[in-house]
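Undergrad: Okay, handing you the structure first.
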Amino acid sequence: MTRKLLEVNDLKIHFKTYAGVVQAVRGVSFDLYEGETLAIVGESGSGKSVTSNAIMKLIPQPPGIYAGGEIKLEGRNLLPLSEKQMSKIRGNEIAMIFQDPMTALNPTMRIGRQITEVILKHQKIPAAEARERAVKLLNLVGIPMPEKRFKQYPYEFSGGMRQRVVIAIALAADPKLLIADEPTTALDVTIQAQILELMKDIQKKRKTSIIFITHDLGVVANVADRVAVMYAGQIVEYGTVNDIFYNPKHPYTWGLLGSMPDLRNNVNEELRTIPGSPPDLIHLPKGDAFAPRNEFAMAIDYEEEPPMFQVSETHFAKTWLLHPDAPKIDIPEAISRRIEGYLKEAQVNG
Amino acid sequence: MLRYICKRLIYILMALFIIVTATFFLMRLAPGSPFASERAFPPKIEAQLNAKYGLDNPWYIQYKDYLVDTISFDFGESMKYKGRSTNDIISESFPISLTLGIEAMILAVGIGILLGAIAALYHNKLPDYLASTIAVLGISVPSFILAGLMQYFLAFKFGHFPVSGWKGFNYSILPALAIAITHAGFIAKLTRASMLEQSNSDYVKMARSKGLGKWTIVIRHTLRNALMPVITYLGPLTAGVVTGSFIIEQIFAIPGLGKHFVTSITNRDYTVIMGTTVFYSIILLFAVLIVDILYSVIDPRIKLKGAKK
Ligand SMILES: Nc1ncnc2c1ncn2[C@@H]1O[C@H](COP(=O)(O)OP(=O)(O)OP(=O)(O)O)[C@@H](O)[C@H]1O
Ligand SMILES: [Mg+2]
C-alpha cells in the first residue's frame with residue numbers, strides 16, 4: 001500500500017482587487033499518493049495555477065488571501081507555517097516546473113550555479129560535491145556534454161534543453177512532490193513528447209509524485225493516473241484516467257473531451273467547443289457556476305450548487321445529473337464516438 | 001573583443017574630427033575676439049597680437065593648424081593668460097574636476113540604487129512613497145537652486161560645511177551632492193521600475209520556489225538583472241556630471257576644468273576652448289565605450305559586435 005503524500009482539504013484562495021474579491025479557488029479537495037501523477041485540467045482561468053502555487057504557498061499576499069482549508073504534506077498542514085519554515089520545504093520537498101523555460105531561468109547566471117544553489121540551500125555538503133551532483137543531474141535529464149554545459153548561460157540553450165535544465169533544478173534536492181504547471185505548452189510537439197518521456201522516466205526511477213497541470217487532454221491520457229477537472233475554482237469531476245475517459249459524468253468534462261482535437265477522425269466532424277465563457281469570479285451566479293453553459297441544466301442548477309456525488313470508489317462528479325431523481329441523461333453520442341476514436345488511436349500509438 | 005575595441009577607437013577618432021571642425025567654425029561664427037575688451041587696443045597692437053597667434057591667416061590655414069595641434073595634443077598658449085599653456089591649465093584643473101566628478105557619480109549611483117531598491121522592496125508602502133517623493137524632488141529641482149539652498153542652509157546658516165573654495169574633502173561634499181541629486185533621482189526611478197519588473201518575472205518566482213530567502217533572491221537574482229538599465233545610464237550620467245560641473249564649479253568657486261571651460265568661452269580664448277573641448281570629448285567618448293564593455297561583462301547575452309571569442 002502506497003503512502004498518502006499530499007492532502008488538500010476545502011482550499012479557498014481569494015484575491016482582493018479594486019473591482020472586488022476574486023474567488024479564484026473555491027473549496028478544492030484532492031489527495032495524492034506516493035509515485036502517483038494527478039493531472040489537473042480545465043479551461044484558462046479555472047484556477048489550476050493558483051491551486052498549484054498555493055500548495056507551495058507562493059501566492060503573493062497581498063492581494064492573495066488563504067481564505068480557508070488545509071494543505072497537508074505527509075500529515076503536516078502547511079498553511080500556518082512561516083515563510084522561514086516554508087523555505088525549507090520549497091525546492092526541498094516540493095519543487096516546481098514552470099511553463100515557459102525561456103523566462104524561468106535567470107538570464108545572467110550560469111546554469112550550473114542555478115542548480116547548485118538549490119542543493120547548497122537544502123543540504124550541508126561541500127560546493128565541489130554539489131557541483132558533481134549538478135553535472136550528474138544534467139546528465140540524467142539528457143543534456144549532452146554536461147561538464148561543458150554546466151558553465152554556460154541560459155541563452156546558449158534551446159527551449160527544450162532549457163526545460164530539461166528547469167527539470168534538473170526541480171530535481172536537485174530530490175523532492176517528494178513535483179508540480180509541473182503546463183511544462184510542455186511552450187514547446188513544439190516533438191520536444192513535448194521528449195519532455196513527457198523524461199518526466200515519466202524520472203518518476204519511475206525516483207518514485208516522485210507529480211501534479212501535472214495542463215489543458216491538453218491528450219497529455220493527460222499519456223501521463224496521469226488520476227484526473228481532477230476544474231471549473232471556476234472548483235473541482236467538478238475527479239477520478240482515475242479510466243473513469244474520466246471511459247465514463248465521464250459531468251457535462252463540462254464531456255465538453256472538454258468533445259473539444260479534444262481528433263487527428264484521424266475529424267474529417268467529417270467539426271471541432272466542438274463549449275459554448276459561452278467562464279463566469280466572473282467576483283460576482284458568481286447563484287447555483288451551479290456551470291449552469292448557463294450547460295445544455296442539460298435543470299431548474300435546480302440555477303438555485304442550488306450541486307454536491308459531490310460519488311460514482312464509484314474512485315470517481316466523483318459535482319453535477320445534479322447524478323441525483324437519483326434527475327432524468328437519465330447520457331453522454332452525447334458524438335462525443336463518445338470522438339473519445340472512442342481517440343482512445344483507439346492512443347492504443348495504436350502505445 | 002580586441003577587434004571591437006579597435007573599431008570603436010576608429011569611431012572615436014572620427015567623432016573627434018567632427019567635434020574639432022564644428023568647434024572651430026562655431027568659434028569663428030561667434031562675434032568678438034580674445035583681444036576685444038572695453039579698452040580697445042590700438043589697431044597696430046591688435047594686428048601684432050593677431051599675427052602672433054596666427055589669427056591673421058586665412059581660415060583654412062588656421063583650421064589646419066588646429067587639426068595639427070589636436071593631433072599632437074599641444075594647443076599652445078592661452079590667448080588671455082600670458083605664459084600659461086592650455087595643457088598646463090588642463091593638467092592643473094582636471095584633477096580637481098575629476099575628484100568632484102567621481103564623488104558625484106558615486107553619490108548619484110549609490111543614493112539612486114539604494115532609494116530605488118528600497119522603494120521596490122517596500123512597493124506601495126511608506127518607504128516606497130518616501131523614496132519616490134525624494135526621487136521626484138531630486139529630479140525636478142535644478143542643481144543650481146539646490147546648490148544655493150545648500151550653501152545658504154548647510155554652509156552659511158549652520159556652518160556644517162564651507163561655503164565655497166577647494167581646500168580639502170570637506171569642500172567637495174556640497175558641490176558633489178548638488179551635481180549628484182538630479183541623477184540620483186533618475187537612477188532611483190530606473191532602479192525601482194526595473195526591480196519591480198524583474199521581481200514579477202518567472203525566474204524570480206522560480207528562485208522563490210527553490211526555497212531561497214527573500215534577501216538572497218534580491219541580491220543574487222533580482223538586483224543584478226535590474227541594474228542593466230542603470231548601467232546604460234552611466235554614459236549619460238558622465239555627460240551630465242561634466243555639464244553639471246560647469247555650473248556648480250562656478251557657484252562654489254572651484255578652480256576646476258569646468259570653470260576654466262566656461263571662462264574660456266566668455267573670454268573667446270580660442271586655444272583654451274579648443275583644448276578643453278577636445279579633452280572633454282575624449283573623456284565622454286571613452287566613458288561611453290567603457291559603459292558598453294561593462295554591459296557585455298555583466299550581461300552574458302550581449303555580444304559586442306565584431307567580437308570573437
Ligand atoms: N494576483 C491575482 N490577482 C487577482 N486575480 C488573480 C490573481 N492571480 C490569479 N487571479 C485570478 O484567478 C483565476 C484563476 O487563475 P489561474 O492562473 O489559476 O488560471 P489557470 O487555470 O491556471 O489558467 P491558465 O490555463 O490560463 O493558466 C483567474 O480568474 C485570475 O484572474
Ligand atoms: Mg495557469
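Top line first, the protein sequences correspond to chains A and B.
Residue numbers for the first sequence follow UniProt numbering, so the first one is 1 and each next one is one higher.
Residue numbers for the second sequence follow UniProt numbering, so the first one is 1 and each next one is one higher.
Even glycine gets a Cβ: it sits at the ideal position worked out from N, Cα and C.
1. With burial defined as no fewer than 16 other Cβ atoms inside 10 Å of the residue's Cβ, what is the status of His283(A): buried or exposed?
2. Does Gln99(A) come out as helix, strand or coil in the three-state DSSP assignment?
3. Got a sec: does ligand 1 put a non-hydrogen atom nearer than 6 Å to the Cβ of Lys57(A)?
4. Locate the beta strand (DSSP E) running through Arg226(A), then write down its first and last residues.
5. Of all the options Glu249(B), Leu294(B), Phe261(B), Tyr295(B), which has the alpha carbon lying nearest to the alpha carbon of Asn87(B)?
6. Hey, could you find the ends of the alpha helix (DSSP H) Arg149(A) is sitting in?
7. For Leu177(A), go through chain B and note every residue whose CB falls closer than 9 Å to its CB, in chain order.
8. Fully enclosed by the segment 64-139 of chain A, which alpha helix (DSSP H) runs are 4 residues long or longer?
9. Taking all protein chains shown into account, decide if Phe252(B) is buried (16 or more other Cβ within 10 angstroms of its Cβ) or exposed.
10. Where do the N-terminal and C-terminal ends of the beta strand (DSSP E) with Val189(A) fall, by residue?
11. Please list the partners that Lys205(B) has in chain A, where partner means a Cβ-to-Cβ separation under 9 Å.
12. Grab me the residues of Ile195(A)'s own chain with a C-beta within less than 6 Å of its C-beta, minus the 5 sequence neighbours each way, in chain order.
13. Going along the chain, which residues of its own chain have a beta-carbon closer than 7 Å to the beta-carbon of Phe75(B), five neighbours each way excluded?
14. Can you tell me whether Thr21(B) is buried or exposed, with buried defined as 16 or more other CB within 10 angstroms of its CB?
15. Quick check on Arg8(B): buried or exposed, where buried means 16 or more other Cβ atoms within 10 Å of its Cβ?
16. Which residues, in order along the segment 210-231 of chain B, keep a beta-carbon less than 9 Å from a beta-carbon of chain A?
17. Give the range of the alpha helix (DSSP H) segment to which Asn9(A) is assigned.
18. Return yes when at least one heavy atom of ligand 1 lies under 6 Å from the C-beta of Leu281(A), else no.
19. Could you compute how far the alpha carbon of Val267(A) sits from the alpha carbon of Lys189(B)?
20. Any beta-carbon of chain A closer than 7 Å to the one on Arg301(B)?
21. Of all the options Phe15(A), Pro327(A), Leu171(A), which has the alpha carbon lying nearest to the alpha carbon of Asp201(A)?
22. What are the residues of the segment 111-133 of chain A that lie near chain B, defined by any Cβ-Cβ distance shorter than 8 Å?
23. Return the first residue and the last residue of the alpha helix (DSSP H) that Arg162(A) is part of.
24. Mind checking who Asp181(A) pairs with in its DSSP beta bridge?
25. When burial is assigned at 16 or more other CB atoms within 10 Å of the CB, is Glu340(A) buried or exposed?
26. Grouping DSSP H, G and I as helix and E and B as strand, with all else coil, what is Arg26(A)?
27. For Glu237(A), which three-state DSSP category applies?
28. Any chance the CB of Lys48(A) is under 6 Å from a heavy atom of ligand 2?
29. Nearest to Ala105(B) by alpha carbon, out of Tyr280(B), Leu126(B), Gly235(B)?
30. Within 7 Å (strictly less), CB to CB, does Asp128(B) reach chain A?
31. Using 8 Å as the cut-off, can you tell me whether the segment 222-237 of chain A makes contact with the segment 25-41 of chain A, which would need three or more C-beta pairs spanning the two stretches below that distance?
32. Taking Cβ positions only, does Asp292(B) come closer than 7 Å to chain A?
33. Going along the chain, which residues of its own chain have a beta-carbon closer than 8 Å to the beta-carbon of Phe24(B), five neighbours each way excluded?
34. What's the gap between the Cα of Ile71(A) and the Cα of Ser52(A)?
35. For Val20(B), does the three-state DSSP call read helix, strand or coil?
36. Quick check on Arg8(B) - is its C-beta less than 7 Å from some C-beta in chain A?
TA: The short version:
1. exposed
2. coil
3. no
4. 226-231
5. It is Phe261(B) whose Cα lies nearest to the Cα of Asn87(B).
6. Start and end: 146-149.
7. Residues of chain B passing the Cβ test: none, with the nearest at roughly 12 Å.
8. 83-89, 101-104, 111-122
9. buried
10. Per DSSP, Val189(A) belongs to no beta strand (DSSP E); it is in the alpha helix (DSSP H), 189-206.
11. Asn53, Leu58, Met96, Phe98, Ala104
12. The answer, listed in chain order, is Gln163, Thr184.
13. Asp69, Thr86, Asn87, Thr271, Met274, Gly275
14. exposed
15. buried
16. Lys210, Gly211, Leu212, Gly213, Lys214, Thr216, Arg220, His221, Arg224, Asn225, Met228
17. Not the alpha helix (DSSP H): Asn9(A) falls in the beta strand (DSSP E), residues 4-17.
18. At a cut-off of 6 Å, the beta-carbon of Leu281(A) counts as near ligand 1: some heavy atom of the ligand is closer than that.
19. Reliability of the predicted coordinates at Val267(A) is poor, the pLDDT of 48 falling under 50, and no value is obtained from them.
20. yes
21. Ranking Phe15(A), Pro327(A), Leu171(A) by CA distance to the CA of Asp201(A) puts Leu171(A) first.
22. For the segment 111-133 of chain A, which is checked against every Cβ of chain B, the residues closer than 8 Å are Glu117, Val118, Lys121, His122.
23. Segment 159-171, the alpha helix (DSSP H) holding Arg162(A).
24. Ile213(A)
25. exposed
26. strand
27. In this structure, Glu237(A) counts as strand in the three-state DSSP scheme.
28. yes
29. Residue identity check: residue 105(B) is Met in the sequence provided, not Ala. Comparing Cα positions, the closest option is Gly235(B).
30. no
31. yes
32. no
33. The residues are Gln62, Tyr63, Tyr66, Met274.
34. 11 Å
35. helix
36. It does not: the Cβ of Arg8(B) has no partner Cβ on chain A nearer than 7 Å.
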